[in-house]
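Colleague: Quick one: this structure, given as structure tokens, is what I'll be asking you about.
There are 2 protein chains.
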Amino acid sequence: MSTQQAFQTEALTTMARACRKAARGPARATTAQKNRMLRDLADRLEAETEAILAANQRDLDAAPGYGLSAAMVDRLRLDAKRIKSIADAVRQVATLPDPVGAISDLRPQANGIQVGKMRIPLGVICMIYESRPNVTIDAAVLALKAGNGIIQRGGKEAFHSNHALAAQIGHALEAHGFEAAAVSLVPTTDRAAMNHLLTLEEEIDLVIPRGGEGLIRFVSRTSRIPVIKHYKGVCHLYVDADADLDQAVALLINGKTQRPGVCNALESLLVHADIADAFLPRALEALAEKGVEVRGCPRTQAFSDQVLAATDDDYHAEYLDLIIAVKVVDSYDAALDHIETYGSNHSEVICSQNRRTTERFLRDVDASAVLVNASSRFNDGGQLGLGCEIGISTTKLHAYGPMGLVSLTTEKFVVLGDGHTRD
Amino acid sequence: MSTQQAFQTEALTTMARACRKAARGPARATTAQKNRMLRDLADRLEAETEAILAANQRDLDAAPGYGLSAAMVDRLRLDAKRIKSIADAVRQVATLPDPVGAISDLRPQANGIQVGKMRIPLGVICMIYESRPNVTIDAAVLALKAGNGIIQRGGKEAFHSNHALAAQIGHALEAHGFEAAAVSLVPTTDRAAMNHLLTLEEEIDLVIPRGGEGLIRFVSRTSRIPVIKHYKGVCHLYVDADADLDQAVALLINGKTQRPGVCNALESLLVHADIADAFLPRALEALAEKGVEVRGCPRTQAFSDQVLAATDDDYHAEYLDLIIAVKVVDSYDAALDHIETYGSNHSEVICSQNRRTTERFLRDVDASAVLVNASSRFNDGGQLGLGCEIGISTTKLHAYGPMGLVSLTTEKFVVLGDGHTRD
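If you read the protein sequences in the order shown, they are chains A and B. What the first sequence shows, in the UniProt record's numbering, is residues 1 to 423, in sequence order. What the second sequence shows, in the UniProt record's numbering, is residues 1 to 423, in sequence order.
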């Protein structure tokens with residue numbers, strides 16, 4: 001390790017320790033204190049729009065040098081309206097219920113003690129993200145409301161924007177008696193610094209990478225700290241023999257076309273053989289009207305010469321585009337097998353009016369959200385009633401599915417006695 | 001990698017895949033099916049006592065070759081009474097409530113869908129343990145009751161005992177329509193095999209190491225799969241200025257001496273300066289009566305020339321023996337700072353009749369169990385009402401504290417609609 005690297009890793013360790021210490025502030029604050037600070041932050045973001053936009057312009061000027069695509073530049077770009085909407089999102093978080101401190105299930109045990117569980121902050125969260133500067137505010141605000149500190153490592157493309165936004169967080173924290181270090185932006189975007197952060201298991205409790213699959217796989221392979229993983233979304237709609245066909249068409253079109261570029265969009269359609277004659281002609285017509293390319297099994301192809309032949313890769317694909325893979329299956333069990341083989345544990349939908357079949361599907365399918373007669377697009381923190389979302393977990397430890405404030409907390413046991421000792 | 005190693009890693013991967021597939025059995029079984037299988041297993045263990053003891057004898061005969069201490073040989077040894085008690089523990093698990101399938105908080109959202117969470121098995125658990133053969137039964141039974149498959153890697157010292165016990169699990173599973181592979185004992189105890197297991201993130205959802213700190217640190221550093229960590233227990237009793245002194249003495253003696261060799265035993269005593277004159281003479285006398293060696297700060301030493309001087313290492317120590325570190329602190333905050341610096345997030349006790357102080361302690365102290373006027377020895381799954389315990393987590397992700405059946409499950413979102421689509 002060079003002297004400069006050694007210097008940098010020591011600075012990062014110091015930063016993480018300071019964040020851990022500063023995190024006691026939000027951990028012990030009352031809900032009212034946290035909410036006042038958040039509302040103040042929202043006001044500051046609006047008042048400092050000009051300074052934030054000037055910083056953002058520096059990033060936009062540098063964007064061609066990073067070879068950013070037009071879509072990436074759009075994600076990077078802030079304007080007064082976007083800042084207003086970021087500030088409004090902060091005010092919205094201030095209205096959400098505070099999970100911290102709630103004691104549940106407090107009850108006496110046979111041995112005489114009372115035992116319950118108290119919800120507490122996780123401690124320090126490390127957020128690793130790419131080019132969207134709004135994440136700097138969104139993630140910090142959720143972490144703070146749940147009583148945590150946060151270490152943020154954004155992408156180099158948004159370096160100046162992130163610093164301008166983080167400065168406002170620091171001002172708001174200090175104005176309300178918190179240490180600014182409770183939200184610490186990593187001052188460098190180099191890879192070695194990120195790798196070092198991922199070893200700080202004494203200081204950091206949870207790592208949340210937000211970005212492409214490559215980033216997430218890298219972080220989860222490298223980290224000694226638990227990582228919330230969100231891989232791809234290969235979401236299926238299974239149209240059962242007992243489906244309401246109007247509903248099935250509506251769920252198909254909504255899931256595939258309402259916003260095809262997101263992880264809870266449909267990528268595959270499974271159709272029970274008994275209903276294929278009645279359903280597939282309507283489904284294929286509706287998909288064609290929306291300009292969706294269909295890649296199907298031979299039985300699907302029999303319904304239209306527009307249907308291309310699906311390969312095994314198609315059933316694995318997360319298209320994020322107006323393309324869908326279609327397969328006719330002989331039974332509920334065949335549909336389930338297909339989902340187990342090709343699904344990604346993200347969102348799985350059944351369309352059926354048969355209660356026994358839908359109950360089985362709810363129980364049997366291993367996905368972060370299992371939906372009956374509802375669009376896959378509902379698997380989203382806001383739609384599911386969490387009020388917010390810091391990410392979606394497709395692995396089962398700690399959190400599974402969209403993560404709201406409660407997922408940024410844990411529970412400890414509390415025991416109340418009156419001098420009780422153990423025999 | 002040698003040909004033999006390549007063969008072995010492939011065999012382990014195949015085993016893990018078979019376990020994952022077989023785990024669908026317990027995942028989808030009814031509570032009654034699982035309980036019948038467990039009661040049958042208990043009967044088989046008793047009926048096959050002779051065969052199990054013969055296998056155990058082979059391990060006992062080999063023990064000197066492994067250089068096992070007398071205490072380790074005792075942990076390894078089975079007899080008819082111990083087998084009866086293992087079987088009774090299995091019957092006890094059959095009586096526990098089944099966490100799987102419960103749907104909580106099902107409620108309508110503004111968008112019209114109903115959203116709830118369903119409790120589901122984690123999938124496949126990998127248990128890595130040392131010389132106690134009873135873990136082979138205990139862990140398998142808890143995993144199965146919670147609907148999971150389990151891969152078990154026991155220590156070489158208990159190789160034959162573990163195989164004899166696992167054989168009975170296999171028979172019970174098959175007799176009740178489950179695949180024996182749902183409980184898979186790793187057929188080798190070499191290190192390379194364990195390392196390979198810890199890379200199988202597609203097949204295994206959670207790793208639980210049970211043993212010394214060295215094993216746990218090795219597993220958590222090596223594994224790509226989430227690991228439940230249980231490091232040491234440096235548990236404090238803080239005797240506040242408003243303590244009931246009779247209670248304080250009772251909590252001290254019970255916490256330190258009732259079973260000094262376990263992780264929830266007390267290792268340190270903190271005494272508020274205002275009450276030191278009244279409390280410490282009584283405390284030191286009671287500790288002396290029980291033969292406990294005291295290592296204290298200078299203010300503690302002033303009360304008795306039997307008190308040795310405590311070093312910084314003493315405040316960090318997990319003695320697991322009749323030794324205690326004692327310190328007089330000037331305030332509640334000083335006690336809290338000491339616990340934050342030296343504690344291990346395991347079990348922390350306050351003795352106080354002051355409601356404001358105890359409420360603050362409950363909220364401020366970061367430990368898997370925080371106890372008010374109750375012995376640290378209550379931090380145990382059985383005592384806390386979990387009915388069982390597969391381990392204690394001292395890290396906050398997924399589980400914090402003793403882990404019962406619920407900690408071997410997770411929750412997925414369930415969404416019920418009637419053709420609902422997203423705007």
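Every residue, glycine too, gets a C-beta built ideally from N, C-alpha and C.
Kindly list the residues whose CB is nearer than 7 Å to the CB of B:N345, restricted to its own chain and excluding five residues on each side of it in sequence; keep chain order.
Modeller: Result list for B:N345: D366, A367, S368, T394, in chain order.
Colleague: Mind reading off the beta-carbon distance from A:R282 to A:L245? Whole number of angstroms is fine, and I expect it under 8 Å.
Modeller: The pair is a contact, with the Cβ atoms about 7 Å apart (cut-off 8 Å).
Colleague: Which whole-angstrom value describes the C-beta separation of B:I151 and B:L197, a residue pair presumed to lie in contact below a C-beta threshold of 8 Å?
Modeller: With 8 Å as the limit, B:I151 and B:L197 qualify as a contact, their Cβ atoms being about 7 Å apart.
Colleague: Report the partner residues of B:P402 according to the DSSP bridge assignment.
Modeller: According to DSSP, which records beta bridges pairwise, B:P402 is partnered with B:I392.
Colleague: Between the segment 179-194 of chain B and the segment 100-109 of chain B, can you find at least three pairs of beta-carbon atoms closer than 8 Å?
Modeller: With the cut-off at 8 Å, the segment 100-109 of chain B and the segment 179-194 of chain B do not touch.
Colleague: Opposite B:E201 in the DSSP bridges: which residues?
Modeller: According to DSSP, B:E201 bridges with nothing at all.
Colleague: When you compare only the Cα positions, how much space is there between A:S304 and A:L284?
Modeller: Roughly 8 Å separates the two Cα atoms.
Colleague: Would you grab the beta carbon distance between B:V141 and B:V219 for me? Rounded to a whole angstrom, and I think it's under 8 Å.
Modeller: Wrong, their Cβ atoms sit about 22 Å apart, outside the cutoff.
Colleague: May I ask you to list the residues that DSSP assigns as paired with B:S104?
Modeller: Per DSSP, B:K117.
Colleague: Give a yes or no on whether the C-beta atoms belonging to A:P99 and A:L405 are separated by under 8 Å.
Modeller: Contact: yes.
Colleague: Under 8 Å between C-beta atoms, does B:N148 make it to chain A?
Modeller: Not an interface residue.
Colleague: Determine, using beta-carbon pairs with one atom in the segment 344-364 of chain A and one in the segment 70-88 of chain B, whether at least three such pairs fall under 8 Å.
Modeller: No: fewer than three Cβ pairs fall under 8 Å.
Colleague: Apply the 10 Å Cβ neighbour rule to B:G296 and answer buried if 16 or more other Cβ atoms are within range, or exposed otherwise.
Modeller: Answer is buried; the Cβ neighbour count reaches 16.
Colleague: Check whether the Cβ atoms of B:A23 and B:A182 sit closer than 8 Å, and answer yes or no.
Modeller: For B:A23 and B:A182, yes; Cβs fall inside 8 Å.
Colleague: Taking just the CA atoms, how far does A:A18 sit from B:V328?
Modeller: Roughly 27 Å between the two C-alpha positions.
Colleague: Might you give, ordered along the chain, the residues of its own chain that have their beta carbon closer than 6 Å to the beta carbon of B:V135, omitting 5 neighbours on each side?
Modeller: Excluding sequence neighbours, B:V135 sits near Y129.
Colleague: Which residue's Cα is closest to the Cα of B:H272: B:E318, B:A110, B:K396, B:A334?
Modeller: When each option's Cα is compared against that of B:H272, the closest is B:A334.
Colleague: Suppose contacts are defined by Cβ-Cβ distances below 8 Å. Is B:Y342 in contact with B:Y315 by that definition?
Modeller: Yes, the Cβ-Cβ distance between B:Y342 and B:Y315 is below 8 Å.
Colleague: With burial defined as no fewer than 16 other Cβ atoms inside 10 Å of the residue's Cβ, what is the status of B:S69: buried or exposed?
Modeller: Result: exposed.
Colleague: At 4 residues or longer, what runs of the alpha helix (DSSP H) sit wholly inside the segment 260-290 of chain A?
Modeller: Runs of the alpha helix (DSSP H) inside the segment 260-290 of chain A: 273-289.
Colleague: The ligand FAD heavy atoms versus the CB of B:A325: any closer than 7 Å?
Modeller: With respect to the ligand FAD, the structure offers nothing, as it holds no ligand at all.
Colleague: Compile a chain-ordered list of the residues in the segment 388-402 of chain B whose CB is closer than 9 Å to at least one CB of chain A.
Modeller: So the list reads T395, K396, L397, H398, A399, Y400, G401, P402, given in the order they occur along the chain.
Colleague: Taking C-beta to C-beta, are B:V292 and A:K412 nearer than 8 Å?
Modeller: No, they are not a contact pair.
Colleague: Going along chain A, which residues have a C-beta under 7 Å from B:E411?
Modeller: Those within 7 Å of B:E411 in chain A are Y400.
Colleague: Please name the residue, chosen from B:R299, B:R77, B:A51, B:R356, that lies closest to B:L60 on a Cα-to-Cα basis.
Modeller: Of the listed residues, the one whose Cα sits closest to B:L60 is B:R77.
Colleague: Check the Cβ of A:R210 against every Cβ in chain B and list those closer than 8 Å, keeping chain order.
Modeller: Here the premise fails: no neighbours, minimum Cβ distance about 18 Å.
Colleague: List in chain order: all unbroken alpha helix (DSSP H) runs of 4+ residues lying wholly within the segment 290-372 of chain B.
Modeller: Entirely contained in the segment 290-372 of chain B, the alpha helix (DSSP H) runs reaching 4 residues are, in chain order, 298-301, 312-316, 332-342, 355-364.
Colleague: Just the C-alpha distance for A:Q383 and B:Q109, rounded to the nearest angstrom, thanks.
Modeller: One C-alpha to the other measures close to 8 Å.
Colleague: Would you say B:P226 reaches chain A, if we count a Cβ-Cβ gap shorter than 8 Å as a contact?
Modeller: It does; some Cβ of chain A falls within 8 Å.
Colleague: Assuming B:D240 contacts B:S376 (C-beta within less than 8 Å), just tell me the rounded distance between them.
Modeller: The pair is not a contact, with the Cβ atoms about 16 Å apart (cut-off 8 Å).
Colleague: Excluding the 5 residues preceding and the 5 following A:H420 in the sequence, name in chain order all residues of the same chain whose CB lies nearer than 8 Å to its CB.
Modeller: Excluding residues within five positions, the ones whose Cβ falls inside 8 Å are N111, G112, I113.
Colleague: CA-CA distance, B:T257 and A:N264?
Modeller: C-alpha separation (whole angstroms): 56 Å.
Colleague: Contact check, A:L41 vs A:V90 under 8 Å by CB: the rounded distance?
Modeller: Their Cβ separation, rounded to whole angstroms, is 6 Å, which keeps A:L41 and A:V90 in contact under 8 Å.
Colleague: Starting from the Cα of A:L270, find the closest Cα among A:K290, A:T222, A:I324, A:G261 and give me that residue.
Modeller: Comparing Cα positions, the closest option is A:I324.
Colleague: Look at the Cβ atom of B:S161, then the Cβ atom of B:R75, and state whether they are nearer than 8 Å.
Modeller: The answer is no: Cβ separation not under 8 Å.
Colleague: For my contact list, A:I204 and A:A27 are in at a C-beta cut-off of 8 Å; report their separation, rounded to the angstrom.
Modeller: So it is not a contact: roughly 15 Å between Cβ atoms.
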